[in-house]
Amino acid sequence: MHAALIALLLALSLAPGQLKANPTTPGSDTQVLERLPFKPGDPVAREMASLRTQLQRDPKNPALAAQLARKYYSLVAEEGDPRYLGYAQAALAPWWEMAQPPDEIQVLRASLRQFRHDFDGAISDLNAVLTRQPGNTQARALRATIHIVQARYPQGRSDCSALHSNGSTGNELIATACEAMADGLSGKSSQAFNQLQQALNQALQERAKPSAADQLWVRLRLAELAQRLGRNAEAEAQYQSAIRLGIMDTFLFAAWADFLLDQGRFQEVITLLKDKTRSDTLLLRLALAEHALRPRPGEANRITLTNRYAAAQLRGDTAHQQEEARFALRIENNAQKALKLAQENWKVQREPRDARIFLEAALALHDAAAAQPVLQWLRQSQHEDPALLNLAKQLGSGGK
Numbered sequence: 015m016h017a018a019l020i021a022l023l024l025a026l027s028l029a030p031g032q033l034k035a036n037p038t039t040p041g042s043d044t045q046v047l048e049r050l051p052f053k054p055g056d057p058v059a060r061e062m063a064s065l066r067t068q069l070q071r072d073p074k075n076p077a078l079a080a081q082l083a084r085k086y087y088s089l090v091a092e093e094g095d096p097r098y099l100g101y102a103q104a105a106l107a108p109w110w111e112m113a114q115p116p117d118e119i120q121v122l123r124a125s126l127r128q129f130r131h132d133f134d135g136a137i138s139d140l141n142a143v144l145t146r147q148p149g150n151t152q153a154r155a156l157r158a159t160i161h162i163v164q165a166r167y168p169q170g171r172s173d174c175s176a177l178h179s180n181g182s183t184g185n186e187l188i189a190t191a192c193e194a195m196a197d198g199l200s201g202k203s204s205q206a207f208n209q210l211q212q213a214l215n216q217a218l219q220e221r222a223k224p225s226a227a228d229q230l231w232v233r234l235r236l237a238e239l240a241q242r243l244g245r246n247a248e249a250e251a252q253y254q255s256a257i258r259l260g261i262m263d264t265f266l267f268a269a270w271a272d273f274l275l276d277q278g279r280f281q282e283v284i285t286l287l288k289d290k291t292r293s294d295t296l297l298l299r300l301a302l303a304e305h306a307l308r309p310r311p312g313e314a315n316r317i318t319l320t321n322r323y324a325a326a327q328l329r330g331d332t333a334h335q336q337e338e339a340r341f342a343l344r345i346e347n348n349a350q351k352a353l354k355l356a357q358e359n360w361k362v363q364r365e366p367r368d369a370r371i372f373l374e375a376a377l378a379l380h381d382a383a384a385a386q387p388v389l390q391w392l393r394q395s396q397h398e399d400p401a402l403l404n405l406a407k408q409l410g411s412g413g414k
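Now the structure itself:
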């Protein structure tokens with residue numbers, strides 16, 4: 015999942031999710047497509063109902079369409095339900111094939127394209143926007159993180175640094191965190207952690223403190239960096255600080271659950287996620303924890319995930335490949351399937367999580383040759399994650 019990318023855009027008030035869903039066109043204005051999980055009288059529900067009504071009356075209004083699409087994105091971040099992305103794309107339908115839609119629409123289209131792993135299409139959209147509008151922060155941030163996701167760290171860091179030019183306190187902090195993300199994947203985790211922690215401390219002393227969303231994204235980056243340095247107590251402190259911000263964020267809970275899984279704290283994962291099963295991302299972590307403890311209730315979640323992954327394959331949706339590989343290896347005990355999925359995923363997405371499942375599957379098969387693309391990435395990037403380096407060592411390369 016493009017967790018870093020999504021969280022950064024959420025911090026910049028463009029809140030996308032991580033998975034692809036196909037747009038649906040209703041047969042009539044009265045057709046009910048989905049009962050959204052809102053409480054009666056929920057102000058968000060009222061606002062979205064109003065936006066949908068306005069957009070039905072004026073379907074080619076780009077401002078309305080963009081506003082509604084962003085609302086759906088924020089729901090994905092909160093709920094982890096990929097169907098909202100299909101609704102977002104449906105809102106943008108009048109501009110979907112347009113060569114040069116309005117800038118805001120084109121950035122939104124780029125974010126949706128990257129969800130289906132059409133990174134080339136997304137970069138093309140973002141290049142066009144930034145040619146016309148070099149100061150577009152959202153386009154710059156999205157392009158930076160796509161570069162980083164695909165292991166083009168110098169290009170990503172260059173875009174991160176360009177975010178400083180905006181001049182606002184919030185964007186200064188986000189720019190520093192973006193740079194830290196690139197540096198932390200290039201052998202500079204300690205320096206990146208110290209600089210980002212200093213920047214956050216300074217920002218929290220300002221009269222105009224960073225927003226909760228900004229703080230959440232920065233805390234997640236600090237937690238990642240601390241883990242990469244083997245400083246688990248500091249990583250846990252950052253996760254706890256992020257949770258105390260009170261934002262319901264799928265990507266925060268996924269990262270925290272992964273940390274707990276690595277610590278063998280399986281019951282804590284179950285307690286954390288037992289009521290958050292709409293999200294495939296969180297359901298996977300719940301199923302992994304259940305499988306580790308082998309309680310009877312885990313079977314239902316295993317079947318649900320099996321069906322969801324099968325449905326994604328029928329749609330041609332490849333956004334699940336990294337997580338499906340984890341499912342195949344840990345729950346289905348099918349290392350061959352896991353390796354195949356990890357290999358396909360690595361062709362387009364090269365984050366540490368992608369590298370880890372690739373190496374784990376290769377190790378399960380005692381196939382060091384298959385792991386060479388990741389081992390080469392480890393050597394070239396000078397990546398410092400102890401878990402990855404340990405896997406590389408077990409495969410006989412030493413990782414560097």
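This note's numbering numbers the first residue of the sequence shown as 15 and each following residue consecutively.
Ideal placement from N, C-alpha and C gives every residue a C-beta, glycine not left out.
Neighbourhood of Pro108 by C-beta, 7 Å cutoff - its chain only, sequence neighbours within 5 removed: Pro73 and Lys74
Straight-line Cα distance separating Leu99 from Arg292: Cα-Cα distance, rounded: 14 Å.
Leu230 and Ile261 closer than 7 Å at C-beta: yes
contact_flag[the segment 125-132, the segment 142-149] where n(CB pairs < 8 Å) is 3 or more: no
Every unbroken alpha helix (DSSP H) within the segment 85-136, with a cutoff of 4 residues, ordered by chain: 97-105 and 117-129
Per-residue DSSP class, three states only, for Leu214: If DSSP states are grouped into helix, strand and coil, Leu214 belongs with the helices.
Sequence-distant residues of the same chain with beta carbon closer than 6 Å to Glu118, five excluded per side: Ala80
Whether Val143 touches Ala153 by CB criterion (7 Å): yes
Distance between beta carbons of Gln390 and Ser200, contact taken as under 8 Å: Not a contact, Cβ separation roughly 15 Å.
Cα-Cα separation between Val121 and Gln114, rounded to whole angstroms: 11 Å
Simplified DSSP assignment, three categories, for His380: coil
Counted within 10 angstroms of its Cβ, other Cβ atoms place Leu337 as buried (16 or more) or exposed: Inspection of the sequence shows that residue 337 is occupied by Glu rather than by Leu. So Glu337 counts as buried.
Cut-off 7 Å between Cβ atoms - residues of its own chain near Gln68, not counting five sequence neighbours on either side: Leu78
Option in Leu243, Ala383, Gly278 and Ala249 with minimal Cα separation from Leu266: Ala249
Buried or exposed by the 16-neighbour rule on C-beta atoms within 10 Å, applied to Thr285: The residue in question, Thr285, is exposed, as its Cβ has fewer than 16 Cβ neighbours within 10 Å.
Whole-number beta carbon distance between Ala83 and Ala102, since they are thought to touch under 8 Å: 4 Å
Secondary structure of Val362, DSSP reduced to three states: coil
Cα-Cα separation between Gln241 and Asp399, rounded to whole angstroms: 7 Å
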